[in-house]
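Trainee: Residue numbers (our numbering): 346 to 663.
Heads up, the beta-carbon is just placed ideally off N, CA and C, and yes, glycines get one too.
From a predicted model like this one, the values you see are computed outputs, not experimental measurements.
Encoded as structure tokens, here's the structure I'll be asking about.
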Ligand SMILES: C[S@@+](CC[C@H](N)C(=O)[O-])C[C@H]1O[C@@H](n2cnc3c(N)ncnc32)[C@H](O)[C@@H]1O
């Protein structure tokens, strides 16, 4: 396995300065006094990826309400997902994280006698190495990619085998239209895309708001620091709403934030983990122009969607 050290020449690329620049350039004015700072990548700067790992631990309410039922669901549907994939494919695992859910795919590839080249993609070097080493130990060909998802259409070479692009529940961290377009671009006209959503009408949404609200400070402290803000002093009213969006109100403005157009009292969207209704999920797929997909609904709170050939040939050439 080519170790991540080949990326050293990119070190400055994913240095703290790089994250800081990404932070300021990702700030988007939504309307007067409201800014979108929900870029999910900025939650996983070196060492803050540990915060994410902690909330997944058994016994943590996040684990009880999200990680454990999601695992049970993936175990139920992965046979069906892999059965719909070609004999040999490129498995592009967007953000493997710490929970090794890719193992459900590996187990089915083995069971169904199929083959893949495993390409984990993550901004976190720690999570990337963990995923790559684990696959390598199982004799699976591995080609790790340290990059942002958004860079992939420019970073990845054309693949001579179909691409299976799996984003899973990280789909919930993005605006649906934005991420569905990016995933289609990455998968191409002969590829496949897998996303997941936890369906709002099938869970206790008030309980989920409490869980995210409890972790809001620990999850967003490092992200606010990238903007030169102290989460305990420079912002107020940090809260999660019923859309599972985390917001705060700006108290202190730095000269650089003023340059970007922010002022005290402005509302900032810090993070989102959206829980669509089943109708909204279908509407988002429809609006994105997808018709060729399989909804893997087994009545659980999670519903996965496998998109097939998401990109029109003529769009691919552009
Ligand atoms: C919410 S975790 C999900 C991890 C895993 N897929 C799961 O379902 O448990 C998101 C993962 O994606 C990575 N990530 C998030 N946004 C990213 C981006 N824009 N580019 C690259 N990596 C990103 C994080 O480092 C983390 O490993």
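Alpha helix (DSSP H) containing residue 590: first to last residue?
Mentor: Run containing residue 590: none in the alpha helix (DSSP H); it sits in the beta strand (DSSP E), 590-595.
Trainee: I need the boundaries of the beta strand (DSSP E) containing residue 640, first residue and last residue.
Mentor: Segment 638-641, the beta strand (DSSP E) holding residue 640.
Trainee: By a C-beta neighbour count over all protein chains shown, 10 Å radius and 16 as the cutoff for buried, is residue 446 buried or exposed?
Mentor: Buried, by the Cβ-count rule.
Trainee: Determine the DSSP secondary structure at residue 580, reduced to helix, strand or coil.
Mentor: The answer is strand: DSSP assigns residue 580 an E or B state.
Trainee: What residue from 584, 575, 483 and 534 has the CA that sits closest to residue 557's CA?
Mentor: Here the closest residue by C-alpha is 584.
Trainee: Given residue 347, which residues of its chain have a CB within under 6 Å of its CB, disregarding the five upstream and five downstream residues?
Mentor: Here the model assigns residue 347 a pLDDT of 43, short of 50, so the residue's position is not dependable, and the following value carries that caveat. No residues qualify anywhere along the chain.
Trainee: Quick one: using the 10 Å Cβ neighbour count with 16 as the cut-off for buried, is residue 568 buried or exposed?
Mentor: When all chains shown are included, residue 568 counts as buried.
Trainee: Taking 6 Å as the cut-off, is the beta-carbon of residue 515 closer than that to any non-hydrogen atom of ligand 1?
Mentor: Within the cutoff, so yes.
Trainee: Which of helix, strand or coil does DSSP assign to residue 413?
Mentor: Three-state result, residue 413: helix.
Trainee: Indicate whether residue 543 and residue 380 have their beta-carbon atoms separated by less than 7 Å.
Mentor: No, the Cβ-Cβ distance between residue 543 and residue 380 is not below 7 Å.
Trainee: Between the Cα of residue 455 and the Cα atoms of 413, 526, 480 and 494, which residue gives the shortest distance?
Mentor: Nearest option by C-alpha distance: 480.
Trainee: Helix, strand or coil: which one does DSSP assign to residue 600?
Mentor: In the structure shown, residue 600 sits in a helix (DSSP, three-state: H, G or I).
Trainee: Run through DSSP, which three-state label would residue 365 get?
Mentor: Correct three-state label for residue 365: helix.
Trainee: Thinking C-beta only, is residue 449 closer than 7 Å to residue 487?
Mentor: Against a cut-off of 7 Å, the Cβ pair of residue 449 and residue 487 comes out as no contact.
Trainee: Cβ of residue 386 versus every heavy atom of ligand 1: is any distance shorter than 6 Å?
Mentor: Answer for residue 386: yes, Cβ within range of ligand 1.
Trainee: Note down the Cα distance separating residue 536 from residue 525, rounded to an integer number of angstroms.
Mentor: Distance between the alpha carbons of residue 536 and residue 525 is about 13 Å.
Trainee: With distances taken between CB atoms, is the gap from residue 441 to residue 472 smaller than 7 Å?
Mentor: Closer than 7 Å, so yes.
Trainee: So, for residue 570: in the same chain, excluding its five sequence neighbours on each side, which residues have a beta-carbon less than 8 Å away from its beta-carbon?
Mentor: Cβ within range, chain order: 576.
Trainee: My output table needs one value for residue 478: the three-state DSSP class, helix, strand or coil.
Mentor: Reduced to three states, the DSSP call for residue 478 is helix.
Trainee: May I ask you to report which of helix, strand or coil DSSP gives residue 543?
Mentor: Residue state, collapsed to three classes: strand.
Trainee: Could you check whether the Cβ of residue 469 sits closer than 6 Å to any heavy atom belonging to ligand 1?
Mentor: Result yes, Cβ under 6 Å from ligand 1.
Trainee: Cβ-heavy atom distance between residue 330 and ligand 1 below 6 Å?
Mentor: Any question about residue 330 goes unanswered here, given that the chain covers just 346 to 663.
Trainee: Taking only heavy atoms of ligand 1 into account, decide whether any of them is closer than 6 Å to the Cβ of residue 444.
Mentor: Yes, the Cβ of residue 444 comes within 6 Å of a heavy atom of ligand 1.
Trainee: Could you check if residue 491 is buried or exposed, using at least 16 other CB atoms within 10 Å of its CB as the buried criterion?
Mentor: It is buried - the Cβ of residue 491 has at least 16 other Cβ atoms within 10 Å.
Trainee: If you count every other CB in all the chains shown that lies within 10 Å of the CB of residue 565, and 16 or more means buried, which is it?
Mentor: Buried is the call here.
Trainee: To which residues of the same chain is residue 468 closer than 6 Å at the C-beta, ignoring the five residues directly before and after it?
Mentor: Around residue 468: 386, 389 and 493.
Trainee: Measure the alpha-carbon distance for residue 415 versus residue 437 and round it to whole angstroms.
Mentor: Computed Cα separation, rounded: 20 Å.
Trainee: Is any heavy atom in ligand 1 found nearer than 6 Å to the beta carbon of residue 472?
Mentor: Yes, since a heavy atom of ligand 1 falls inside the 6 Å radius drawn around the Cβ of residue 472.
Trainee: Between 549, 643, 372 and 642, which has its C-alpha nearest residue 409's C-alpha?
Mentor: Ranking 549, 643, 372 and 642 by Cα distance to residue 409 puts 549 first.
Trainee: What are the start and end residues of the beta strand (DSSP E) that includes residue 516?
Mentor: Segment: none, residue 516 is in no beta strand (DSSP E) and carries neither H nor E.
Trainee: Return the residue from the list 625, 614, 425 and 428 that minimises the CA-CA distance to residue 546.
Mentor: Residue 625 is the option with its Cα nearest to residue 546.
Trainee: Under 8 Å, with one C-beta from each stretch per pair, do the segment 422-434 and the segment 606-623 reach the 3-pair mark?
Mentor: Output reads no: the segment 606-623 does not touch the segment 422-434.
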